[in-house]
Amino acid sequence: MTAHRNGVRHWLRRAVTVATGFVVGTVGLFGAWISGVDVPLVSGRAYVELVKLDRATTTGGPTGVVFILLIGSDFRPGVGGARGDALHVLALNPALGAGAMLNIPRDTCAAIPGHGTSKVNNAHAKGGPKLQAEAIAKMTGVPLEYAVSVDFAGFVSIVDGVGGVTVDVPFSMTDKDSGAYFEPGVQHLNGGQALAFSRDRHDFGPGDIQRTWNQGYLILSAMRELAAGYSSPSKRFELLASLSRHSQIHGAGLSDLFTLSQAAFAVDPAQVKSVTIPTSGGGCMDVAGSGAALFADFVDDGVLQNHAPGTPSNPTGR
Numbered sequence: 316m317t318a319h320r321n322g323v324r325h326w327l328r329r330a331v332t333v334a335t336g337f338v339v340g341t342v343g344l345f346g347a348w349i350s351g352v353d354v355p356l357v358s359g360r361a362y363v364e365l366v367k368l369d370r371a372t373t374t375g376g377p378t379g380v381v382f383i384l385l386i387g388s389d390f391r392p393g394v395g396g397a398r399g400d401a402l403h404v405l406a407l408n409p410a411l412g413a414g415a416m417l418n419i420p421r422d423t424c425a426a427i428p429g430h431g432t433s434k435v436n437n438a439h440a441k442g443g444p445k446l447q448a449e450a451i452a453k454m455t456g457v458p459l460e461y462a463v464s465v466d467f468a469g470f471v472s473i474v475d476g477v478g479g480v481t482v483d484v485p486f487s488m489t490d491k492d493s494g495a496y497f498e499p500g501v502q503h504l505n506g507g508q509a510l511a512f513s514r515d516r517h518d519f520g521p522g523d524i525q526r527t528w529n530q531g532y533l534i535l536s537a538m539r540e541l542a543a544g545y546s547s548p549s550k551r552f553e554l555l556a557s558l559s560r561h562s563q564i565h566g567a568g569l570s571d572l573f574t575l576s577q578a579a580f581a582v583d584p585a586q587v588k589s590v591t592i593p594t595s596g597g598g599c600m601d602v603a604g605s606g607a608a609l610f611a612d613f614v615d616d617g618v619l620q621n622h623a624p625g626t627p628s629n630p631t632g633r
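For the record, in the sequence shown the residue sitting at position 72 is 387 according to the working numbering, with numbers rising by one throughout.
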């Protein structure tokens, strides 16, 4: 009997050890995977680069408001570049269920730390998402907490991965350079079509100004679609897991991803005003005098009380 009890105890200890090892190993794999480490059979191609920034270098933002820099890089094989050609500062205020987005034209002049003054999109080519965020924060005074960067291929893959995006195209597009050929009206775009829509600047007089607003318009359309299609906790976890699996994450952990997810789904996309910042000048455009008031209105609580949203015919809302 004693030998039998000892055998049972030994078996239980071994089972507990194996089970514990499995749990610890699984958690370790998940932690490595979500931190951007390439785990065989788990990881996929990294489409997104997420960087947590040091808010201690800024003036600090209002409690509970999340400020995120969204970057579309022009990098693609055979071309190089990696400039920040799509730049959007998104504020999410979960307490108010609202937010705002500043669309920043790529040719806006800005001081790039360590590299003098030039077009703001050059910051990404010089130092990636972190330096791009530093330049934008310096220019706007926004206490950015996260920067998210995606290249052409990554953008297409993400849109296709969530099943496309429905956009109410506000005007006709016929641009051979971007491949944008659309008639006005509600259309469901795949990744390649969404990229073409966001790159078109030759159909409009204020080319880069309009294109920047179009990009913000597309982002809000995607937010509406995700809010409707991923309303349940299980679907949200599915989305978060998919994005995490294809991300390189620097300085952020599970709590950050949870915070971002909670903030994103707590805000009604219909309550997010999108405005293209006012600029003046030629090739390297200065921020217009009214920009300071816009930035102050944006920073205080992540919501624009004193500025109208932009529209297809009036991207700056002025």
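For glycine and all other residues, C-beta sits at the position ideal for the given N, C-alpha and C. Every value quoted in this text rests on a predicted model; they were computed, and no experiment measured them.
Assigned exposure category for residue 382 - 16 Cβ within 10 Å defines buried = buried
To the nearest angstrom, how far is it from the Cα of residue 571 to the Cα of residue 380?
-> 13 Å
Would DSSP call residue 474 helix, strand or coil?
-> helix
To the nearest angstrom, how far is it from the Cα of residue 550 to the Cα of residue 601?
-> 43 Å
Is residue 490 closer than 8 Å to residue 420 when the C-beta atoms are compared?
-> no
Which residues in the same chain have their Cβ closer than 6 Å to the Cβ of residue 454, if we skip the five residues on either side of it in sequence?
-> Within the same chain, 425 come within 6 Å of residue 454 by CB-CB distance, once the 5 residues on both sides are set aside.
Is the distance from the Cβ of residue 485 to the Cβ of residue 464 below 8 Å?
-> No. Outside cutoff.
Find the nearest neighbour of residue 630 within the set 385, 418, 397, judged by alpha-carbon distance.
-> 418
DSSP on residue 580, reduced to helix/strand/coil?
-> helix
Inter-residue spacing [alpha-carbon to alpha-carbon] between residue 538 and residue 480 = Their backbone Cα atoms lie some 9 Å apart in a straight line.
Contacting residues, own chain, Cβ-Cβ under 6 Å from residue 592 (five flanking each side not counted) = 417, 419, 606
Which of the three DSSP states, helix, strand or coil, is assigned to residue 427?
-> For residue 427, the three-state secondary structure derived from DSSP is coil.
Go ahead and pull the three-state DSSP assignment for residue 378.
-> coil
Quick one: what does DSSP say residue 614 is sitting in, helix, strand or coil?
-> helix
Please determine, among 441, 499, 451, 509, the residue with the shortest C-alpha to C-alpha distance to residue 469.
-> 509
Three-state secondary structure (DSSP) at residue 531?
-> helix
For residue 503, name the three-state secondary structure that DSSP assigns.
-> strand
Close Cβ partners of residue 527 (< 6 Å) along its chain, the five nearest in sequence each way excluded = 418, 420, 591
Identified DSSP bridge partners for residue 383 | 405, 461
Applying the criterion that 16 or more other CB atoms from any shown protein chain within 10 Å of the CB defines a buried residue, is residue 492 buried or exposed?
-> exposed
For the candidate residues 422, 466, 397, 384, whose alpha-carbon lies nearest to that of residue 404?
-> Closest by alpha carbon: 384.
Between residue 367 and residue 565, is the Cβ-Cβ spacing less than 8 Å?
-> yes
Provide the residue span of the beta strand (DSSP E) that contains residue 495, from first to last.
-> 495-497
Below 8 Å between beta carbons: does that hold for residue 401 and residue 530?
-> yes
Would residue 548 be called buried (16 or more neighbouring beta carbons within 10 Å of its own) or exposed?
-> exposed
Return the CA-CA distance between residue 398 and residue 466, expressed in angstroms with no decimal places.
-> 10 Å
Straight-line gap, residue 447 to residue 439 (C-alpha atoms, nearest Å) | C-alpha separation (whole angstroms): 5 Å.
Taking residue 462 as the reference, which of 450, 472, 619 has the closest Cα?
-> 450
Tell me whether residue 524 sits in a helix, a strand or coil according to DSSP, three-state version.
-> helix
Continuous alpha helix (DSSP H) stretch holding residue 443: start and end = 437-455
By Cβ distance below 7 Å, which residues in the same chain neighbour residue 625 in space, the five residues on each side in sequence not counted?
-> For residue 625, where only same-chain residues beyond five positions count, the Cβ hits under 7 Å are 528, 589, 590, 591, 631, 632.
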